[in-house]
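Counting with this note's numbering, you get residues 1 to 400 for the letters of the first sequence. Idealized CB from N, CA, C, for every residue including glycine. None of these values were measured; they are calculated from a predicted model. Structure first, commentary second.
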Amino acid sequence: MQGSLKDIFDSYVKGGRVFKNKETLSIRFAPDNIPHRDRQLKQIGLIIAPVLRNEKPSNIFVYGKTGTGKTLVVSNVINTLLKSADGSDSRLRIIYVNCKMKKTTDTEYRLLAHLLSYFGETVPYTGLPTNELYSKFYKYLDSRNQNVIIVLDEVDSLIRKIGDDILYNLTRVNQELDNSQLTIIGISNNISFIETLDPRVRSSLSEEEIIFPPYNASELRDILTERTGQAFSPGAVPTGVVAKCAALAAQEHGDARKALDLLRVAGEIAERNGSPVVEEKHVDMAEKKLDTDKIMETIHSQPKQSQAVLKAILSLYGDGEKNIQTGDVYDSYSRICRSNGITPLTQRRVSDLISELDMFGVINARVTSKGRYGRTRVININHPETLIRKMGDFLVGEFG
DNA sequence: GTTAGTTCAGTTGAAAGCAATATTATCGGCTAC
DNA sequence: AGCCGATAATATTGCTTTCAACTGAACTAACGA
């Protein structure tokens, strides 16, 4: 009792110091304990354990939606494995590649170059035929007796870009090697992704499949509770707030990442407002802020043309137009292009851009048949006024 | 009142054009023998 | 001779445009009761 009273005084003295260690809420932070993932952890561990005896484990294919702890669990297993292997003489090599990182791995060549660089082999940035890299890679693997595990995080985006040839080649590497062994762990967000693969690749890559189901609200609550202990000052986060974050994130396919973001941003807001305690209204504000940030970010990263289309839509919306149609947008858009010295695209393309903006959730568009008066997309914007104004301000900056 | 056709205003899919990059092939110069 | 880097030649992308078939309900006209 006295301890907690002291805590309250302490935090009061520090002037609404909500966080103790904010780092622990970041995505990059790897906690030692991963609640509700014991089963997966054990499964992967069991499958992969044979490497310690220099035997080849099965290839593993891991899938589950974003924020279900796939990467976390896999990297946890890997680290523990490396620690256990430290003493023994098994020649264990683990390579982790995040295929989403555009720069390093957007072609077969780049990926191989990346893998080779793990072996200390530098290859020219460009200029060598891809086959050369393969044989180099094989040679390197085979040059010494070793057990190599390659973790391909977000393989689905890799395959979408460069096809499944590379997986085919990698999975059959073992037949070519005499001394070494290669195991592949593929991690994917997309569950249906495995079905798009070549059957041969599919069977060898997914010798073992591990599924990460979404967290439900109470599991999320456990995760958050665990992290709040590390991240926040004692007593700064009431259980109601944790529950609220968990519930909000559970609505969105149980994304733990989102739950943590909510909590972190809510904490930041509380701190900024000088409140020593995170309140539920801060969570609401945090959710709005996250939404806004996400949309503003997508807008920022849109190409000029797409921004111009959005500008056209917004200016129609600003004129009080309800039920904006593609034709109107196109007129307004070509006006904007003319006054800004941009060459306008065809209506065909603009139509696609509109549906893209819809997919991103920036606007809301759906095709409606207006009977005798044709068929078109009806566009509206379902955002709070503040966000719309923010969008408008940004686009005025771009297009005057 | 029902039914069968029309019609509009784009939507959607496929194919092809085009410019920017990436990958391969080729060549001349340089080094080591 | 063999290797290296530079450059030319070729292939691959990513974004657009062109062409053309398709859509679905409001509107119309004809139908039958």
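Apart from sequence neighbours up to five positions away, the residues of its chain that approach residue 204 with a beta-carbon distance below 8 Å are 59, 171 and 172, ordered along the chain.
For the 8 Å CB-CB criterion, residue 214 and residue 68 form a contact.
Restricting attention to 308, 317, 367 and 28, the CA atom closest to the CA of residue 394 is found in 308. Remark: C-beta atoms of residue 155 and residue 93 do not approach each other more closely than 8 Å.
Distance between residue 314 and residue 328, taken at the CA atoms: about 12 Å. In this chain, the beta strand (DSSP E) harbouring residue 364 covers 364 to 369.
For residue 326, the enclosing alpha helix (DSSP H) has its first and last residue at 326 to 340. Residue 300 sits exposed, since fewer than 16 C-beta atoms from the chains shown fall within 10 Å of its C-beta. Exclusion of the five residues before and after residue 297 leaves no residue of its chain whose Cβ lies closer than 6 Å to its Cβ. One Cα belongs to residue 152, the other to residue 312, and the distance between them is close to 42 Å. With respect to residue 363, residue 388 sits apart: the two C-beta atoms are not nearer than 8 Å.
The bridge partners DSSP lists for residue 376 are 368.
Per DSSP, the continuous alpha helix (DSSP H) segment holding residue 347 begins and ends at 347 to 359. Around the beta-carbon of residue 341, fewer than 16 other beta-carbon atoms lie within 10 Å, marking it exposed. Secondary structure note for residue 64: its beta strand (DSSP E) is the uninterrupted segment 60 to 64. Within the region 141 to 190, the complete beta strand (DSSP E) segments of 3 residues or longer fall at 147 to 153 and 181 to 188, listed in chain order. Counting along the chain, no beta strand (DSSP E) covers residue 385; the unbroken alpha helix (DSSP H) around it starts and ends at 385 to 399.
Within its own chain, the residues whose Cβ lies closer than 6 Å to the Cβ of residue 260, once the five positions on either side in sequence are excluded, are 25, listed in chain order.
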